[in-house]
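S.K.:
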Amino acid sequence: MLAIDGTLFDFKRLDLLAMRESAVHRLDPRAKVLTTLVFIVCVVSFGRYELAAMLPFCLFPIALLALGDLPAGYIARKVLVVIPFAVMVGLFNPLFDRQVILQLGPLGIWGGWLSCLSIVVRALLTAAAAIVLVAVTGFPAICVALEQLGMPRVFAVQLLFLYRYIFVLTDEGGRVARARQLRSCGNKGMGLRHFGPLLGHLLLRTWERAERIHMAMLARGFTGEMHARRRGRFGAGDVLFVLGWSALFVTFRLYNFPQLLGMLLLGS
Amino acid sequence: MSHHIVEVKQLRHVYPDGTEALRDVSFRIHHGESVAIIGANGAGKSTLLLHLNGYLPATSGTIRIGDHPLSKETLNEIRRTVGMVFQDPDDQLFMPTVFDDVAFGPLNQGLTPALIEQRVTDALERVEARELRNKPPYHLSGGEKKRVAIATVLSMLPEILVLDEPTAGLDPRARRQLMALLQDFHHTRIITSHDLDMVLELCERTIVLHQGMVMADGPTLEIFGNETLLAACHLEKPFSMQGCPVCSPKAIRRLPKPQPPLVPPHGDRQHDHAHHLHDHDHHDH
Numbered sequence: 007m008l009a010i011d012g013t014l015f016d017f018k019r020l021d022l023l024a025m026r027e028s029a030v031h032r033l034d035p036r037a038k039v040l041t042t043l044v045f046i047v048c049v050v051s052f053g054r055y056e057l058a059a060m061l062p063f064c065l066f067p068i069a070l071l072a073l074g075d076l077p078a079g080y081i082a083r084k085v086l087v088v089i090p091f092a093v094m095v096g097l098f099n100p101l102f103d104r105q106v107i108l109q110l111g112p113l114g115i116w117g118g119w120l121s122c123l124s125i126v127v128r129a130l131l132t133a134a135a136a137i138v139l140v141a142v143t144g145f146p147a148i149c150v151a152l153e154q155l156g157m158p159r160v161f162a163v164q165l166l167f168l169y170r171y172i173f174v175l176t177d178e179g180g181r182v183a184r185a186r187q188l189r190s191c192g193n194k195g196m197g198l199r200h201f202g203p204l205l206g207h208l209l210l211r212t213w214e215r216a217e218r219i220h221m222a223m224l225a226r227g228f229t230g231e232m233h234a235r236r237r238g239r240f241g242a243g244d245v246l247f248v249l250g251w252s253a254l255f256v257t258f259r260l261y262n263f264p265q266l267l268g269m270l271l272l273g274s
Numbered sequence: 054m055s056h057h058i059v060e061v062k063q064l065r066h067v068y069p070d071g072t073e074a075l076r077d078v079s080f081r082i083h084h085g086e087s088v089a090i091i092g093a094n095g096a097g098k099s100t101l102l103l104h105l106n107g108y109l110p111a112t113s114g115t116i117r118i119g120d121h122p123l124s125k126e127t128l129n130e131i132r133r134t135v136g137m138v139f140q141d142p143d144d145q146l147f148m149p150t151v152f153d154d155v156a157f158g159p160l161n162q163g164l165t166p167a168l169i170e171q172r173v174t175d176a177l178e179r180v181e182a183r184e185l186r187n188k189p190p191y192h193l194s195g196g197e198k199k200r201v202a203i204a205t206v207l208s209m210l211p212e213i214l215v216l217d218e219p220t221a222g223l224d225p226r227a228r229r230q231l232m233a234l235l236q237d238f239h240h241t242r243i244i245t246s247h248d249l250d251m252v253l254e255l256c257e258r259t260i261v262l263h264q265g266m267v268m269a270d271g272p273t274l275e276i277f278g279n280e281t282l283l284a285a286c287h288l289e290k291p292f293s294m295q296g297c298p299v300c301s302p303k304a305i306r307r308l309p310k311p312q313p314p315l316v317p318p319h320g321d322r323q324h325d326h327a328h329h330l331h332d333h334d335h336h337d338h
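These protein sequence lines are chains A and B, in that order.
Sequential numbering of the first sequence, starting at 7, is according to my numbering.
Sequential numbering of the second sequence, starting at 54, is according to my numbering.
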């Protein structure tokens, strides 16, 4: 729990990054959300043995990283968190798919290895794009943008509440875990038996808090409808951003640039 | 509404599990009064507060806010009139930014954007939190959260402010700042607290609850002077009325015996002791 506290949910820093000032930060959130969606669709739609053709796509997260003046090391660490999950997904591909599709000298590469690697690269690209999006936009703004783009309001409100209380909940969870740790004298083995009641306790506390929040909302005239402030307008710069990047993504998707470049260099 | 009177008559509340939290509570609070509701843990303070804006329904008895008796029809109007500040600001601040949070009430009232902007700016200015307007609530300190929580209520222009433990969990400086803020309000104020020194400074009147009943209702100083009453209700005088901890006779008995100095003196012990006693005399005033 404490480790999770420190690494996975280190959203606070992402949030602070979103409050910076730069050309990318100033773009309308909808523009950034749309562009990222196009990016993800393009990357995900590649064939399963594609690898090289996806590489040009890393231009997008890197460009935003540079323009938004984000700390590359921090973002990279966040992105690397997805590798184990992606490897899990592709783990059995090399076992089932033993067809040799690439010959490197005496070494025959099975299609399974290629598709496994392809999954990892896809995961890295999409995760990088999503995390950079949060870092230059901020989670609440993304929720508002999604809602303006047509996502049902209930989901937007759910996401907003989730984001608001994840900090409170991880704090609370961290405290409970610490209290257990301090009284278990370094004994880790008894974990599982105690984690049940511990989680139950956390759930009850969350429930009570939800009740208090609802109370606070009612006290301020909440009648079941969330009224959001409308802000920002979609300017020419935003249109240019969406169209420019989308055109580039589609080109990358249709033409295999690394291959073209290789052919050009080898003169064939 | 011309007069913002809060009138509670023979209020009784029984929780679904059979706990009788309020047995017979009656009082009347006039416009502009600042009233403390004090009592030991479990005396029924929180339950009482939740009745004042209709969150809990009374098992029996009536509540009147201004000209309206509390009922389903008047609920919305009463919730606007009675601004409720909860003990844990994390429960009260649920929107992504301070601005959104302070605007939540006015938005629910259906005001125009310009008016909302005005209300939010005024409310934040009132609690000296103008520079926090675009921050998310989880980046605020405890004192800042508390002040913003008050602003979220002020933006609805309530006539009556109800505060549950406003100074709980604040450091001495944030507590002072908050007290100065509350002192300036012209609203009718109803405050529950265990911080009796704050009560002494902010409230001219005090209602003592004990096991769901009103045990006393009168001028704060008079109530804090009545030691038998306080002891019966599991309370103590505020620290500022307990006398100097160094020189009151009770305190001197509790003081640790004079210790020999860390570096053993070459002179005789007797002289040293006398010196310490002299010190105490010096403190006497």
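Beta carbons are placed, not taken as given, at the ideal position from N, Cα and C, and that holds for glycine.
Could you tell me whether the Cβ of A:Ile10 comes closer than 9 Å to any Cβ of chain B?
M.R.: Here residue 10 of chain A refers to the residue found at position 4 when the first sequence is read from its first residue. Low local confidence applies: a pLDDT of 49 at A:Ile10 is under 50, so the model's placement there is unreliable, with the coordinate-based value given in what follows. False, the Cβ-Cβ gap to chain B never drops below 9 Å.
S.K.: Would DSSP call A:Leu65 helix, strand or coil?
M.R.: The residue labelled residue 65 of chain A in the question sits at position 59 within the first sequence. Helix, per DSSP.
S.K.: Express the C-alpha separation of B:Arg228 and B:Thr165 in angstroms, rounding to a whole number.
M.R.: Counting from one through the second sequence, the residue named residue 165 of chain B turns up at place 112. Counting from one through the second sequence, the residue named residue 228 of chain B turns up at place 175. Each residue's alpha carbon lies about 35 Å from the other.
S.K.: Please name the residue, chosen from B:Ser113, B:Thr281, B:Pro291, B:Thr220, that lies closest to B:Arg76 on a Cα-to-Cα basis.
M.R.: Position 23 of the second sequence, counted from the first residue, corresponds to residue 76 of chain B. Considering only alpha carbons, the answer is B:Ser113.
S.K.: What do you reckon, are the CB atoms on A:Leu130 and A:Ile89 nearer than 9 Å?
M.R.: Here residue 130 of chain A refers to the residue found at position 124 when the first sequence is read from its first residue. Here residue 89 of chain A refers to the residue found at position 83 when the first sequence is read from its first residue. Contact flag set, yes.
S.K.: Counting only beta-carbon separations shorter than 9 Å, does A:Ala141 have a partner in chain B?
M.R.: As a working mapping, residue 141 of chain A is identified with position 135 in the first sequence. Not closer than 9 Å to any Cβ of chain B, the Cβ of A:Ala141 fails to qualify, so no.
S.K.: With a threshold of 7 Å on Cβ separation, who are the neighbours of A:Ala29 within its own chain once the five nearest residues in sequence on each side are excluded?
M.R.: Start at 1 with the first residue of the first sequence, and residue 29 of chain A comes out as number 23. Excluding sequence neighbours, A:Ala29 sits near Leu73.
S.K.: Between the beta-carbon of A:Val245 and the beta-carbon of A:Ile148, is there less than 9 Å?
M.R.: Position 239 of the first sequence holds residue 245 of chain A. Position 142 of the first sequence holds residue 148 of chain A. Not a contact, by the Cβ cut-off of 9 Å.
S.K.: Taking 8 Å as the cut-off, is the beta-carbon of A:Arg189 closer than that to any non-hydrogen atom of the ligand ATP?
M.R.: The ligand ATP is absent from the structure shown, which contains no ligands of any kind.
S.K.: With B:Arg236 as the anchor, note down where its alpha helix (DSSP H) starts and where it stops.
M.R.: Here residue 236 of chain B corresponds to residue number 183 of the second sequence, with the count starting at 1. Residue identity differs from the one stated: residue 236 of chain B is Gln in this sequence, not Arg. Segment 225-237, the alpha helix (DSSP H) holding B:Gln236.
S.K.: List the DSSP bridge partners of A:Met60.
M.R.: Taking the first sequence and counting its residues from 1, the one referred to as residue 60 of chain A is at position 54. Per DSSP, none; premise fails for A:Met60.
S.K.: Report the neighbours of B:Thr205 on chain A: residues whose CB is nearer than 8 Å to its CB, in chain order.
M.R.: As a first step, residue 205 of chain B is located in the second sequence; it is residue number 152 there, counting from the start. Here the neighbours are Arg226.
S.K.: Which residue's Cα is closest to the Cα of B:Asp217: B:Gly271, B:Asp70, B:Thr281, B:Leu235?
M.R.: The residue labelled residue 217 of chain B in the question sits at position 164 within the second sequence. The candidate whose alpha carbon is nearest that of B:Asp217 is B:Leu235.
S.K.: How is the beta strand (DSSP E) around B:Ile58 delimited, first residue to last?
M.R.: The count along the second sequence starts at 1 and reaches residue 58 of chain B at position 5. Premise fails: B:Ile58 is in no beta strand (DSSP E) and is neither H nor E.
S.K.: Nearest-angstrom Cα distance between B:Thr273 and A:Leu139?
M.R.: On the second sequence, position 220 is the one that residue 273 of chain B refers to. On the first sequence, position 133 is the one that residue 139 of chain A refers to. One C-alpha to the other measures close to 57 Å.
S.K.: Return yes when the Cβ of A:Asp103 is within less than 9 Å of the Cβ of A:Gly118, no when it is not.
M.R.: One-based indexing of the first sequence puts residue 118 of chain A at position 112. One-based indexing of the first sequence puts residue 103 of chain A at position 97. In this structure, A:Asp103 lies closer than 9 Å to A:Gly118 by Cβ.
S.K.: Tell me, please, whether the CB atom of A:Gln265 is closer than 9 Å to any CB atom in chain B?
M.R.: Translated into positions along the first sequence, residue 265 of chain A becomes position 259. With 9 Å as the cut-off, A:Gln265 does not count as an interface residue toward chain B.
S.K.: Under 7 Å between beta-carbons, which chain A residues line up against B:Gly158? List them in chain order, please.
M.R.: As a position in the second sequence, residue 158 of chain B is number 105, starting the count at 1. Near B:Gly158 (Cβ distances below 7 Å), the residues of chain A are Arg226, Gly227.
S.K.: Check the Cβ of A:Arg298 against every Cβ in chain B and list those closer than 8 Å, keeping chain order.
M.R.: Since the first residue shown for chain A is 7 and the last is 274, residue 298 of chain A is missing from the structure and cannot be characterised.
S.K.: Are the region 262-271 of chain A and the region 36-51 of chain A touching by the rule of at least three beta carbon pairs closer than 8 Å?
M.R.: Because the criterion of three Cβ pairs below 8 Å is not met, the region 262-271 of chain A and the region 36-51 of chain A do not touch.
S.K.: How should B:Met148 be labelled, buried or exposed, when 16 other C-beta atoms within 10 angstroms of its C-beta is the threshold for buried?
M.R.: Position 95 of the second sequence, counted from the start, is the residue given in the question as residue 148 of chain B. Flag for B:Met148 reads buried.
S.K.: For B:Leu105 versus B:Val215, is the C-beta distance shorter than 9 Å?
M.R.: Here residue 105 of chain B corresponds to residue number 52 of the second sequence, with the count starting at 1. Here residue 215 of chain B corresponds to residue number 162 of the second sequence, with the count starting at 1. It is a contact, given that the beta carbons lie within the stated cut-off.
S.K.: Can you find the residues in the same chain that come closer than 8 Å, C-beta to C-beta, to B:His121, ignoring five residues on each side of it along the sequence?
M.R.: What you label residue 121 of chain B is simply residue 68 of the second sequence in a count that begins at 1. Closer than 8 Å at Cβ, skipping near neighbours: Met54, Thr127, Glu130, Ile131.
S.K.: Does any C-beta atom of chain B lie closer than 9 Å to the C-beta of A:Ala222?
M.R.: In the first sequence, residue 222 of chain A corresponds to position 216, counting from 1. At least one chain B Cβ lies under 9 Å of A:Ala222.
S.K.: Check for me: the alpha helix (DSSP H) holding A:Met269 runs from which residue to which?
M.R.: Looking up residue 269 of chain A in the first sequence gives position 263. Element bounds for A:Met269: 263-272.
S.K.: Give the secondary structure of A:Gln109 by DSSP, where H, G and I count as helix, E and B as strand, and everything else as coil.
M.R.: Translated into positions along the first sequence, residue 109 of chain A becomes position 103. In this structure, A:Gln109 counts as strand in the three-state DSSP scheme.
S.K.: Name, please, each residue of chain A whose Cβ falls closer than 9 Å to the Cβ of B:Phe383.
M.R.: The question about residue 383 of chain B has no answer here: the residues shown for chain B are numbered 54 through 338.
S.K.: Ignore the nearest five residues each way along the sequence and tell me which others in B:Ile243's own chain have a CB closer than 6 Å to its CB.
M.R.: Sequence index remark: in the second sequence, residue 243 of chain B carries index 190 (1-based). Val88, Val215, listed in sequence order.
S.K.: Could you name each continuous beta strand (DSSP E) segment of 3 residues or more that falls completely within the region 177-226 of chain B, going from the start of the chain to the end?
M.R.: Listed in chain order, the complete beta strand (DSSP E) runs (minimum 3 residues) inside the region 177-226 of chain B are 213-217.
S.K.: Return the residue from the list B:Glu60, B:Gly92, B:Gly71, B:Glu86 that minimises the CA-CA distance to B:Glu289.
M.R.: Locating residue 289 of chain B in the second sequence gives position 236, where the first residue counts as 1. Taking only the C-alpha atoms, the option nearest B:Glu289 is B:Gly92.
S.K.: For A:Arg259 and A:Gly96, I'd like the C-alpha separation in whole angstroms.
M.R.: What you label residue 259 of chain A is simply residue 253 of the first sequence in a count that begins at 1. What you label residue 96 of chain A is simply residue 90 of the first sequence in a count that begins at 1. Roughly 22 Å between the two C-alpha positions.
S.K.: Answer with buried or exposed for B:His326, where buried requires no fewer than 16 other C-beta atoms within 10 angstroms of its C-beta.
M.R.: Start at 1 with the first residue of the second sequence, and residue 326 of chain B comes out as number 273. Any reading at B:His326 needs caution, since the residue's pLDDT is 45, under 50, leaving its predicted position unreliable; the model's value is listed next. With fewer than 16 Cβ atoms within 10 Å of its Cβ, B:His326 is classed as exposed.
S.K.: Which partner residues does B:Glu73 have in the DSSP bridge list?
M.R.: The residue you call residue 73 of chain B lines up with position 20 of the second sequence. B:Val67, per the DSSP bridge assignment.
S.K.: How would you call B:Gln140, buried or exposed, if buried means at least 16 neighbouring beta carbons within 10 angstroms?
M.R.: Walking along the second sequence from the start, residue 140 of chain B turns up at place 87. The residue in question, B:Gln140, is buried, as its Cβ has 16 or more Cβ neighbours within 10 Å.
S.K.: So, helix, strand or coil for B:Arg81, using DSSP?
M.R.: Counting from 1 along the second sequence, the entry for residue 81 of chain B is found at position 28. Looking at B:Arg81 - three-state DSSP - the assignment turns out to be strand.
S.K.: Give the DSSP bridge partners of B:Val155, in chain order.
M.R.: Mapped onto the second sequence, residue 155 of chain B falls at position 102. According to DSSP, which records beta bridges pairwise, B:Val155 is partnered with nothing at all.
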